[in-house]
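Residues in the sequence shown are numbered consecutively from 538, following the numbering used here.
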Amino acid sequence: MSKTSARAASHPGIAPQHPDDFFWQWSRFSELTVEDLYAVVRLREAVFVVEQNCPYPDADGRDPKAWHLLGWVQRPTERALVAYARIFEPGARYDEGSIGRVVTAPDVRGTGVGKALMAEALRRIESLAPGQRIKIAAQRRIEDFYLALGFRTVSAPYEEDGIIHVDMLR
538 MSKTSARAAS HPGIAPQHPD DFFWQWSRFS ELTVEDLYAV VRLREAVFVV EQNCPYPDAD
598 GRDPKAWHLL GWVQRPTERA LVAYARIFEP GARYDEGSIG RVVTAPDVRG TGVGKALMAE
658 ALRRIESLAP GQRIKIAAQR RIEDFYLALG FRTVSAPYEE DGIIHVDMLR
């Protein structure tokens with residue numbers, strides 16, 4: 538595990554209050570503990586299924602082929618998962634490398650944690666496949682977020698699991 542700072546609001550429950558409270562975990566699927574995996578499933582379900590009211594098959598069979606980037610807030614007696622993305626090397630999902638299931642906990646949105654997550658994900662994928670293109674299937678409602686990170690839209694909008702997406706490359 539590596540420690541990386543992320544700017545976040547001083548939320549008493551979950552957000553980092555000090556940069557040392559926040560750290561990144563970079564793991565293959567087989568390296569995730571039961572507790573890690575439970576936290577990932579819980580965060581993905583809370584946002585993608587419950588918050589977005591989108592029943593979809595989260596267990597899509599791709600997790601074992603991915604790298605997993607987990608952003609944790611550490612407290613003296615607990616840790617909380619506040620950011621997550623799964624990352625595929627070129628050829629594992631698309632011809633390009635890919636970042637997906639990008640999610641932040643509701644309590645940290647608007648604090649910079651999402652940008653920090655994507656910056657770390659881009660750094661990690663660059664270390665796996667230097668100079669290679671990166672493809673994402675982005676929800677259309679946050680297309681501007683990815684445009685600001687250097688992605689460009691390369692597809693017409695399409696529906697996936699009841700949500701409009703676009704393919705983007707960087």
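We put the beta carbon where it would ideally sit given N, CA and C, even for glycine. Just so it is clear, the structure is predicted and the values come from calculations on it, not from any experiment.
Exercise for the section: For the beta strand (DSSP E) containing LYS672, list its first residue and its last residue. Expected result: 671-676
Handout entry: At least three beta-carbon pairs within less than 8 Å, the stretch 650-670 to the stretch 629-637
Key = yes
Exercise for the section: Determine the burial state of THR570: buried for a count of at least 16 other Cβ atoms within 10 Å of its Cβ, exposed for fewer. Expected result: exposed
Handout entry: Cutoff 6 Å; reference VAL584; Cβ partners in own chain excluding five residues on either side
Key = VAL640
Practice task
Output the boundary residues of the beta strand (DSSP E) element that contains GLU696.
Solution key: 695-697
Exercise for the section: Rounded to whole angstroms, what's the CA-CA distance from ASP595 to ILE673? Just pull it up for me. Expected result: 17 Å
Handout entry: the stretch 682-690 in contact with the stretch 700-707 per 3-pair CB rule at 8 Å
Key = yes
Problem - Cβ-based neighbour list, MET538, same chain, cut-off 8 Å, excluding 5 preceding and 5 following - result: Interpretation of MET538 is limited by its pLDDT of 42, a score under 50 that renders its predicted location unreliable; no figure is taken from the coordinates.
Exercise for the section: Given a cut-off of 9 Å, decide if TRP604 and GLU626 are closer than it, judged by their beta-carbon atoms. Expected result: yes
Exercise for the section: Could you check the C-alpha separation between ASP600 and PHE566 for me, to the nearest Å? Expected result: 6 Å
Practice task
Just the C-alpha distance for VAL587 and ALA629, rounded to the nearest angstrom, thanks.
Solution key: 28 Å
Problem - Span separating the alpha-carbon of TYR621 from that of LEU606 - result: 6 Å
Handout entry: Those runs of the alpha helix (DSSP H) which lie wholly inside the stretch 564-628 and span at least 4 residues
Key = 571-581
Exercise for the section: Measure the alpha-carbon distance for ARG612 versus LEU574 and round it to whole angstroms. Expected result: 19 Å
Practice task
Output yes or no for whether 9 Å exceeds the beta carbon distance between LEU654 and GLY608.
Solution key: yes
Problem - Proximity test, VAL587 beta-carbon vs the ligand SAH heavy atom, cut-off 8 Å - result: This structure lacks the ligand SAH; in fact it carries no ligand of any kind.
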